[in-house]
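Visitor: My questions all concern the structure below.
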Amino acid sequence: LPMLLGRTFHVGEHTVGVDIFPLNDTEHPRLKQENFYRSSYKTIETSSDVQETLEVNGDLSLNIKAGMFAISGFGSYIKSAIRSENSVDILTKVSYRTISKTLNHDAKPIAQWRTLDKSYLGKHYIKSILYGGDLIACIRFKAKNAEDLQDIRATIKTSIATGRALDLVGEGKLETLDQKLRKKATMEIDYFATVPLEGVANNIKGLRALVRDFEEHVKKVNNGDGVPVEVELGDLSIYDRGFEYLKNTELETELTFFEEKLDDLLSSKNRIKNWVENFPDPFTKEQEEKISEFSERISKILRKFIATIANLDLEKGSSQLDDANAAFKENSKNDMPGKFRREVNKLLQKITTKSDYSDKYSSTYVHFGSSNCTGDKKTVTIHPGYVASSPRNQLGGGFNYLCMPQKPVKKISGDDPKVGNLSLIAGVKYGLLETKPKSLIDIKSVLRGVKCAVCLVERQALVTFPGEEECPEKGGWKTQYSGYMMAATDLERSETVCVDLTLESNQDNYMGIHDQSLNFAVVKQADGSLGFIPCVVCSK
């Protein structure tokens with residue numbers, strides 16, 4: 011049932027009761043035009059950060075996480091945050107209010123309301139309803155490697171301070187942050203709103219437009235009023251002292267610690283589930299038993315927590331939490347939140363992807379546009395160097411790109427070969443790069459030699475995916491590096507290679523007469539515009 015003016019409400023169970031005010035009072039409320047816009051954003055590190063930003067109290071947050079009921083907008087985000095791992099969220103909240111409807115001061119309940127069942131009635135009633143809309147925009151940076159998570163968090167905190175959402179989406183701010191973190195993280199943008207969002211792209215441009223024009227989306231609903239987003243509760247005790255409500259402050263304090271334990275359980279269970287689904291090889295019997303045993307322990311404790319939350323009475327003491335807390339402790343001295351996350355880490359470290367088998371395999375590749383091999387601990391740099399190929403404007407020779415070491419070994423011959431039999435090698439430099447992706451604002455590599463690195467990775471397969479920004483989600487693929495496809499100009503034939511976004515180069519630019527020039531490969535679209543081709547190099 012919806013929360014309507016004059017309807018009773020049970021705070022402890024978050025359920026509505028019955029209508030106890032005359033129809034004349036509920037259909038002719040006092041109206042007040044609100045018309046205000048408010049926005050904010052915050053980097054999320056703990057559950058308390060989420061509660062502070064979304065203005066959600068402890069027991070409501072517990073009920074959402076336990077799946078007792080669903081709330082559009084911020085409720086959807088709270089549940090999605092539990093499922094995220096190895097990521098940092100920047101949470102943006104936008105609120106727009108239109109009108110409030112409040113019972114008149116002289117409104118009184120019908121005479122026979124006291125005869126109704128008190129436990130069904132609750133101890134409050136809906137006194138006022140505020141209309142409008144709420145938007146939650148989550149900018150999530152997902153670490154490509156868990157080891158980089160702290161660096162990602164530090165970069166975000168130093169780049170973006172807490173403030174208004176309009177400041178966050180200012181021109182260039184998020185683009186710059188995305189550019190800084192592109193080697194270590196991927197950026198995802200998701201929206202959670204109480205009103206329908208039509209034609210909004212999940213990218214920085216779409217976010218910028220949505221934050222600025224959110225009120226227009228709200229005004230499309232309910233003749234411009236939007237949806238009910240806030241209610242003010244009145245105490246039934248002003249009409250009958252027998253309905254007095256006294257919230258237990260001791261319980262309220264303990265619920266914060268209790269929720270941290272619930273987060274530990276939910277995130278650990280979700281991490282195990284995701285890891286098992288994406289594990290590329292069959293498990294051994296011993297591994298299956300360890301995973302099953304741990305999952306069953308988590309599920310058993312969670313059942314205690316969910317039962318406790320379902321029966322929680324906010325007017326009673328913290329002893330209601332004893333059974334769940336005892337289950338979390340598991341006959342040990344450790345009852346601190348985070349212990350199951352640590353246990354998951356140890357379990358996953360023990361179960362490897364057939365380490366005795368995979369160690370026999372390795373692959374080499376060239377990391378174009380960087381003198382260092384990025385990736386993870388299984389990636390090492392064999393040698394840094396410079397890109398070379400056959401000279402431009404010559405018909406013969408090879409068309410492939412070589413990564414020459416910084417000091418190549420040269421064998422000097424005493425013979426005097428004929429000029430026609432020569433196969434020359436020359437350096438490769440970046441071109442003028444007059445046509446480039448918008449995200450690459452300040453390029454200092456024009457006409458400079460292209461750097462590279464020869465890399466070794468302890469994985470069997472290595473694939474370059476043109477037209478993709480991320481490695482496939484399934485199958486255990488790992489990102490080595492990402493960038494854009496580049497090739498020589500249309501006057502020459504060459505390889506098309508994936509070049510790192512950093513476009514690392516020699517210090518000095520020059521105009522060598524034999525050097526090939528690398529430029530961004532493009533696709534000419536139907537409307538005549540040019541589309542650049544992203545790429546990602548992946549291993550498994």
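The sequence shown begins at 11 in our numbering and counts up by one. For glycine and all other residues, C-beta sits at the position ideal for the given N, C-alpha and C.
Counting only the same chain and skipping the five closest in sequence on each side, list residues whose C-beta sits under 6 Å from that of D235.
Guide: As a working mapping, residue 235 is identified with position 225 in the sequence shown. Excluding sequence neighbours, D235 sits near T108, I109, Y141.
Visitor: Taking 7 Å as the CB-CB cut-off, is K257 touching chain B?
Guide: As a matter of chain content, chain B is missing from the structure shown, which is built from one protein chain.
Visitor: Can you tell which of E298, L331, K279 has the C-alpha that lies nearest to the C-alpha of R352?
Guide: By 1-based counting over the sequence shown, the position of residue 352 is 342. Minimum Cα distance to R352 is reached at K279.
Visitor: Taking R163 as the reference, which of C462, I146, R174, K194 has the closest Cα?
Guide: Locating residue 163 in the sequence shown gives position 153, where the first residue counts as 1. Residue K194 is the option with its Cα nearest to R163.
Visitor: DSSP on E483, reduced to helix/strand/coil?
Guide: Here residue 483 refers to the residue found at position 473 when the sequence shown is read from its first residue. Coil, per DSSP.
Visitor: Keeping to the same chain, check which residues put their C-beta closer than 8 Å to that of S380; ignore five residues upstream and five downstream.
Guide: Position 370 of the sequence shown, counting from 1, holds the residue named residue 380. Answer for S380: K461, C462, A463, Y491, D510, T512, E514, listed in chain order.
Visitor: Do the region 237-257 and the region 133-147 touch if we need at least three Cβ pairs shorter than 8 Å?
Guide: Result yes; three or more Cβ-Cβ pairs closer than 8 Å.
Visitor: Could you give the residue range of the beta strand (DSSP E) that holds T108?
Guide: Within the sequence shown, residue 108 is the residue found at index 98, counting from 1. Start and end: 97-112.
Visitor: Note down the Cα distance separating G485 from Y371, rounded to an integer number of angstroms.
Guide: The residue labelled residue 485 in the question sits at position 475 within the sequence shown. The residue labelled residue 371 in the question sits at position 361 within the sequence shown. Between G485 and Y371, the C-alpha separation is close to 17 Å.
Visitor: Report yes or no: do the region 188-206 and the region 143-161 share at least 3 C-beta pairs separated by less than 8 Å?
Guide: Taking 8 Å as the limit for Cβ pairs, the verdict is that the region 143-161 does touch the region 188-206.
Visitor: Suppose you measure from the CA of K103 to the CA of L14; what does that come to, to the nearest Å?
Guide: The residue you call residue 103 lines up with position 93 of the sequence shown. The residue you call residue 14 lines up with position 4 of the sequence shown. Their backbone Cα atoms lie some 25 Å apart in a straight line.
Visitor: Among I120, H24, D177, K550, which one has its Cα closest to the Cα of S49?
Guide: One-based indexing of the sequence shown puts residue 49 at position 39. Of I120, H24, D177, K550, the residue nearest in Cα terms is D177.
Visitor: Can you tell me whether K111 is buried or exposed? The criterion is at least 16 other CB atoms within 10 Å of its CB, across all chains shown.
Guide: Reading the sequence shown from its first residue, position 101 is the one you call residue 111. By the neighbour-count rule (16 or more Cβ atoms within 10 Å), K111 is buried.
Visitor: What are the partner residues of E198, as DSSP defines its beta bridges?
Guide: Taking the sequence shown and counting its residues from 1, one reaches residue 198 at position 188. R150.
Visitor: Applying the 10 Å Cβ sphere with the 16-neighbour rule, what's the burial state of Q526?
Guide: Numbered from its first residue, the sequence shown carries residue 526 at position 516. So Q526 ends up on the buried side.
Visitor: If you reduce the DSSP assignment to three classes, tell me which class T363 lands in.
Guide: Position 353 of the sequence shown holds residue 363. Residue placement at T363 cannot be trusted, given a pLDDT of 49 that sits under 50; what the coordinates show is reported in the next sentence. It is coil, neither helix nor strand.
Visitor: In the structure shown, what three-state DSSP assignment does N232 receive?
Guide: Here residue 232 refers to the residue found at position 222 of the sequence shown. N232 falls in the helix class under three-state DSSP.
Visitor: Measure the C-alpha to C-alpha separation of A317 and I54 and round it to an integer number of angstroms.
Guide: Working through the sequence shown from its first residue, we reach residue 317 at position 307. Working through the sequence shown from its first residue, we reach residue 54 at position 44. Rounded to the nearest angstrom, the two C-alpha atoms are 28 Å apart.
Visitor: Distance check for T266 and E287, CA to CA, integer angstroms please.
Guide: As a working mapping, residue 287 is identified with position 277 in the sequence shown. As a working mapping, residue 266 is identified with position 256 in the sequence shown. Computed Cα separation, rounded: 32 Å.
Visitor: Look at L312 and F224 and say whether their C-beta atoms are less than 7 Å apart.
Guide: In the sequence shown, residue 312 corresponds to position 302, counting from 1. In the sequence shown, residue 224 corresponds to position 214, counting from 1. Against a cut-off of 7 Å, the Cβ pair of F224 and L312 comes out as no contact.
Visitor: Ignore the nearest five residues each way along the sequence and tell me which others in L187's own chain have a CB closer than 6 Å to its CB.
Guide: Position 177 of the sequence shown, counted from the first residue, corresponds to residue 187. Counting only Cβ-Cβ distances below 6 Å, and skipping sequence neighbours, we find S169.
Visitor: How many angstroms separate the CA atom of Y367 from the CA atom of M414?
Guide: Walking along the sequence shown from the start, residue 367 turns up at place 357. Walking along the sequence shown from the start, residue 414 turns up at place 404. Residue confidence is low: Y367 scores 44 on pLDDT, short of 50, so the model does not pin down where it sits. Its coordinate-derived value is still stated next. Cα to Cα, Y367 sits roughly 32 Å from M414.
Visitor: So, for E298: in the same chain, excluding its five sequence neighbours on each side, which residues have a beta-carbon less than 7 Å away from its beta-carbon?
Guide: Position 288 of the sequence shown, counting from 1, holds the residue named residue 298. Once the five neighbours on either side are set aside, E298 has no close Cβ partner at all.
Visitor: Classify V221 as helix, strand or coil using the three-state DSSP reduction.
Guide: Walking along the sequence shown from the start, residue 221 turns up at place 211. Of the three classes helix, strand and coil, the one that applies to V221 here is helix, per DSSP.
Visitor: Write down the C-beta distance between T165 and K190 rounded to the nearest angstrom, noting that I regard them as a contact closer than 8 Å.
Guide: Indexing the sequence shown from 1 puts residue 165 at position 155. Indexing the sequence shown from 1 puts residue 190 at position 180. Indeed, because the Cβ distance is near 6 Å, the residues count as touching under 8 Å.
Visitor: Suppose contacts are defined by Cβ-Cβ distances below 7 Å. Is V507 in contact with Y411 by that definition?
Guide: Here the question's residue 507 lines up with position 497 in the sequence shown. Here the question's residue 411 lines up with position 401 in the sequence shown. It is a contact, given that the beta carbons lie within the stated cut-off.
Visitor: Determine the DSSP secondary structure at H377, reduced to helix, strand or coil.
Guide: Stepping through the sequence shown from its first residue, residue 377 is reached at position 367. Of the three classes helix, strand and coil, the one that applies to H377 here is strand, per DSSP.
Visitor: What three-state label does DSSP hand G541 in the structure shown?
Guide: Numbered from 1 along the sequence shown, position 531 holds the residue referred to as residue 541. G541: strand per DSSP, three-state reduction.
Visitor: Short of 7 Å in beta carbon distance, which residues of its chain neighbour K534, apart from the five on each side in sequence? Order them along the chain.
Guide: Residue numbering aside, residue 534 sits at position 524 when the sequence shown is read from its first letter. Hits under 7 Å: L540.
Visitor: Who are P415's beta bridge partners in DSSP?
Guide: Mapped onto the sequence shown, residue 415 falls at position 405. For P415, which the question treats as bridged, DSSP gives the partners G395.
Visitor: Can you name, in chain order, every residue of its own chain whose Cβ lies under 6 Å from the Cβ of S105, other than the five neighbours on each side?
Guide: Within the sequence shown, the letter at position 95 stands for residue 105. Excluding sequence neighbours, S105 sits near R48, D144.
Visitor: In angstroms with no decimal places, state the Cα-to-Cα distance between K554 and L113.
Guide: No information on residue 554 is available, as it lies outside the stretch 11 to 550 that the chain covers here.
Visitor: Under 7 Å Cβ to Cβ from G27, same chain only, skipping five residues before and after it: list those, please.
Guide: Here the question's residue 27 lines up with position 17 in the sequence shown. Contacts found: R17, T18, F19, H20, Y130, L131, G132.
Visitor: Whose CA, out of L159, I543, I214, E340, lies closest to the CA of D386?
Guide: Position 376 of the sequence shown, counting from 1, holds the residue named residue 386. Cα-wise, what sits closest to D386 is L159.
Visitor: Using the three-state DSSP reduction, which class does F475 fall into: helix, strand or coil?
Guide: Here residue 475 corresponds to residue number 465 of the sequence shown, with the count starting at 1. Looking at F475 - three-state DSSP - the assignment turns out to be strand.
Visitor: To the nearest angstrom, how far is it from the Cα of W285 to the Cα of L276?
Guide: Numbered from 1 along the sequence shown, position 275 holds the residue referred to as residue 285. Numbered from 1 along the sequence shown, position 266 holds the residue referred to as residue 276. Roughly 14 Å between the two C-alpha positions.
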